[in-house]
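Counting from 7, one number per residue, gives the positions in the sequence shown under my numbering.
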Amino acid sequence: MGVDGSTTANAIRARKVDPVKTIRLTPEELAPAIQALLKGEVVAFPTETVYGLGAHGLRADAVARIFAVKGRPADNPLILHVLDQKALRRLTVDDEMDPAAIALTEAFWPGPLTVVVPAAPTIPREVTAGLPTVAVRAPSHPVARALIAGVGVPIAAPSANLSGRPSPTTFAAVWEDLAGRVPYIIDGGRCAVGVESTVVDCTTRPVTILRPGGISVEMVASVVGEVQYPHPGGPARAPGMKYRHYAPKKELIWVVGSETRDLVRARGAELSSYRTLAVIAPHGVVAPPEWPSASLGADEVSAAHELFSAIRRMDQTDAEAIVVMWSSLKGLGQAVANRLEKAASMKVE
Ligand code: AMP
Ligand code: MG
Numbered sequence: 007m008g009v010d011g012s013t014t015a016n017a018i019r020a021r022k023v024d025p026v027k028t029i030r031l032t033p034e035e036l037a038p039a040i041q042a043l044l045k046g047e048v049v050a051f052p053t054e055t056v057y058g059l060g061a062h063g064l065r066a067d068a069v070a071r072i073f074a075v076k077g078r079p080a081d082n083p084l085i086l087h088v089l090d091q092k093a094l095r096r097l098t099v100d101d102e103m104d105p106a107a108i109a110l111t112e113a114f115w116p117g118p119l120t121v122v123v124p125a126a127p128t129i130p131r132e133v134t135a136g137l138p139t140v141a142v143r144a145p146s147h148p149v150a151r152a153l154i155a156g157v158g159v160p161i162a163a164p165s166a167n168l169s170g171r172p173s174p175t176t177f178a179a180v181w182e183d184l185a186g187r188v189p190y191i192i193d194g195g196r197c198a199v200g201v202e203s204t205v206v207d208c209t210t211r212p213v214t215i216l217r218p219g220g221i222s223v224e225m226v227a228s229v230v231g232e233v234q235y236p237h238p239g240g241p242a243r244a245p246g247m248k249y250r251h252y253a254p255k256k257e258l259i260w261v262v263g264s265e266t267r268d269l270v271r272a273r274g275a276e277l278s279s280y281r282t283l284a285v286i287a288p289h290g291v292v293a294p295p296e297w298p299s300a301s302l303g304a305d306e307v308s309a310a311h312e313l314f315s316a317i318r319r320m321d322q323t324d325a326e327a328i329v330v331m332w333s334s335l336k337g338l339g340q341a342v343a344n345r346l347e348k349a350a351s352m353k354v355e
C-alpha cells in the first residue's frame, strides 16, 4: 500500500470531503466495487500504468457516467480493459483480427499496450466516440485483473483524473481529484509504470503509434517492423490528441535539456522574470537550493515512474511556475516528452 498515499489521503478526507460518498477499498475488499460496476456505477482502481476510472464497458449509461465524473469531452474515446486476447476477439470483427494485433498482444499482454482494431457492433458508441474502431488493453495489475474477472465484462476506463489534469499514479492523487464524485476508490499503492499505455492503431499499414507510452516504440517496432506516426494536420485518428492534457494548476515550462547548465542558461534568459520556480529534473541537475525540486531519477524508466507524481507535488508548493527538464527520446523517454508537449504552456529549447 502506498505509504504516501494513505497518510495524505486521510488528511484530505478529514479536512474537506464528503466521507459518505467516497469509500476507500483495500485490494482485499473488491466485492462491493464489483457490485457497483455491475449496477452501472463508476469505480477508481489501480493499474500498472496509472489509476483508471472504470465502468461496465458494454452499458452506454454506465460509460456516460465516466464522462460526467471527469468532465471529459464526449468525442474522446475510451479504452476497454480485458483479461486476454480471447476477449479482444469478441470485441472486434473476428475475421479482421489482423496479424499485427495478434503479434503485439502476444508479445506485450498483459501490459501497457493498447491496440486499436475494428469495433464489434455490440460496443456502445459512448466507448468509441462513434469511430468504427475500438481501443483494447489487457492490464497486468492484479487488482485490475481481479476487477475485470469479477464483473465478467470489459471495463471501460480512462485515467482517474479530472479532465485536463495530470494522470494519477497514487491513491492520494485520485482522492485529490475524485473524492466525493465516485462511490469507491481502490488503493493499490503507487503505479509501477507511471505513464499511460502505448496506443497502436492496427488498422493501418504500417501500424500507427497514436500515443507513445509504457511499451517503448522500439519494442513495438521489434515485433511489427516498421511503424508510422499520425500525419500532422491530417484527420484526427485519435480525437483525444487534440486536447490539452496532463496540466497542473501552475504554469508548466518544459526546458529541453538534462544538465545544470541548461537550467542556468534558461534562468538567465527565458525564465529571468520568475522569482521562484519548482524544478523537476533528471538526477544530477543542481537547482537553486531555495527552490522546491523533485528528481526524475537516473534513467527513462524512472522518469516515467516519477513524472506525474512530481508534477502534482510541485503544484502544491509556493513556486510561481513549474520547470521540467527533459530531453531523451530513448525508450520511455518518448512517452515522457509526449506528456510534456501536451502539458507545457512554454517550451524552451
Ligand atoms: P485516456 O484518455 O488516458 O483514456 O487515453 C485513451 C487514449 O486512447 C486516447 O488518446 C484516445 O484518443 C485513444 N483511443 C481510444 N479509443 C480509440 C480509437 N477507437 N481510435 C483511436 N484512438 C483511440
Ligand atoms: Mg487520461
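Each residue gets a CB set at the ideal place from its N, CA and C atoms; glycine is no exception. The structure displayed is predicted, hence computed values, not measured ones.
Taking only the alpha-carbon atoms, compute the straight-line gap between residue i and residue j and give it to the nearest angstrom.
i	j	result
Ala20	Glu224	Its pLDDT being 38, under 50, Ala20 is placed unreliably in this model, and the value from its coordinates should be taken loosely. If you take the alpha carbons of Ala20 and Glu224, they lie about 46 Å apart.
Ala61	Ala179	19 Å
Val233	Leu119	15 Å
Ala39	Tyr190	7 Å
Gln41	Glu35	11 Å
Ala68	Val354	42 Å
Val23	Tyr235	Since pLDDT at Val23 reaches only 41, below the 50 mark, its modelled position is unreliable, and no value is offered.
Phe314	Leu43	27 Å
Thr55	Ile259	24 Å
Glu312	Ala185	23 Å
Pro245	Lys336	Residue placement at Pro245 is flagged as unreliable, the pLDDT there being 44, under the threshold of 50; a coordinate-derived value is accordingly withheld.
Arg243	Pro295	Since pLDDT at Arg243 reaches only 49, below the 50 mark, its modelled position is unreliable, and the value read off the structure follows with that caveat. Cα to Cα, Arg243 sits roughly 45 Å from Pro295.
Asp81	Val133	9 Å
Thr204	Val291	29 Å
Met320	Thr98	42 Å
Leu168	Asp101	38 Å
Thr282	Val262	19 Å
Ser351	Ile317	14 Å
Arg345	Arg95	31 Å
Leu137	Ser333	34 Å
Ala272	Ile192	41 Å
Met247	Val213	Bear in mind that a pLDDT of 48 at Met247, under 50, signals an unreliable position, so the number given afterwards is only what the model happens to contain. If you take the alpha carbons of Met247 and Val213, they lie about 17 Å apart.
Lys256	Ala349	11 Å
Thr323	Gln91	44 Å
Arg187	Gly170	17 Å
Arg267	Asp305	19 Å
Ligand 2 and residue i: does the residue's C-beta get closer than 7 Å to at least one heavy atom of that ligand?
i	result
Pro145	no
Pro83	no
Ser315	no
Pro164	yes
Ser173	yes
Would the C-beta of residue i count as close to ligand 1, meaning under 7 Å from any of its heavy atoms?
i	result
Asn344	no
Ser130	The sequence given here has Pro at residue 130, not Ser. The answer is no for Pro130.
Asp183	no
Glu202	yes
Ala349	no
Val223	no
Leu97	no
Thr53	no
Arg217	yes
Thr134	yes
Thr120	yes
Thr139	yes
Can you tell me which of the options puts its alpha carbon nearest to the alpha carbon of residue i?
i	options	result
Val140	Arg151, Ala126, Pro148, Leu153	Ala126
Arg211	Asp104, Gly170, Ala349, Ser279	Asp104
Lys76	Ala50, Glu112, Gly63	Ala50
Pro79	Ala135, Arg96, Asp100, Glu112	Ala135
Gly303	Asp324, Glu326, Glu265	Glu265
Pro52	Ala293, Ala66, Gly194, Glu326	Gly194
Glu347	Gln322, Ala325, Glu306, Tyr252	Tyr252
Ala227	Pro174, Phe114, Ile72	Phe114
Ile85	Gly274, Arg267, Ala163, Asp324	Ala163
Leu64	Leu137, Pro130, Arg151	Pro130
Val307	Arg267, Val330, Gly220	Gly220
Ser301	Ala325, Val329, Asp324	Val329
Leu31	Leu277, Leu153, Asp305, Leu89	Leu153
Does the separation of the CB atoms of residue i and residue j fall below 8 Å?
i	j	result
Val230	Leu110	yes
Ala93	Pro148	no
Glu157	Val142	Going by the sequence as given, residue 157 is Val instead of Glu. No, the Cβ-Cβ distance between Val157 and Val142 is not below 8 Å.
Tyr57	Ser146	no
Ala327	Val201	no
Val356	Ile72	Lying before the first or after the last residue shown, residue 356 is absent from the chain, which here runs from 7 to 355.
Pro124	Ala144	no
Arg196	Thr175	yes
Met331	Ala284	no
Pro298	Pro172	no
Pro218	Ala341	yes
Ala155	Leu89	yes
Is there a Cβ from chain C that is less than 8 Å from the Cβ of residue i?
i	result
Val262	This model lacks chain C altogether, as it is built from one protein chain only.
Please confirm whether any heavy atom of ligand 3 lies closer than 7 Å to the CB of residue i.
i	result
Asp207	Of the ligands one can find in the structure shown, namely ligand 1 and ligand 2, none is ligand 3.
Every unbroken alpha helix (DSSP H) inside the segment 91-172 [4 residues or more]: Contiguous alpha helix (DSSP H) elements confined to the segment 91-172 occur at 91-97, 105-114, 131-134, 148-157, taking only those with 4 or more residues.
Complete beta strand (DSSP E) runs within the segment 263-289 (minimum length 3 residues, chain order): Within the segment 263-289, the beta strand (DSSP E) runs of at least 3 residues that lie entirely inside it are, in chain order, 283-287.
Contained beta strand (DSSP E) runs [length at least 3] in the segment 166-219, N- to C-terminal order: Here the runs fully enclosed are 190-192, 204-207, 213-217.
Every unbroken alpha helix (DSSP H) inside the segment 28-90 [4 residues or more]: With a minimum length of 4 residues, the continuous alpha helix (DSSP H) runs that stay inside the segment 28-90 are 37-44, 66-76.
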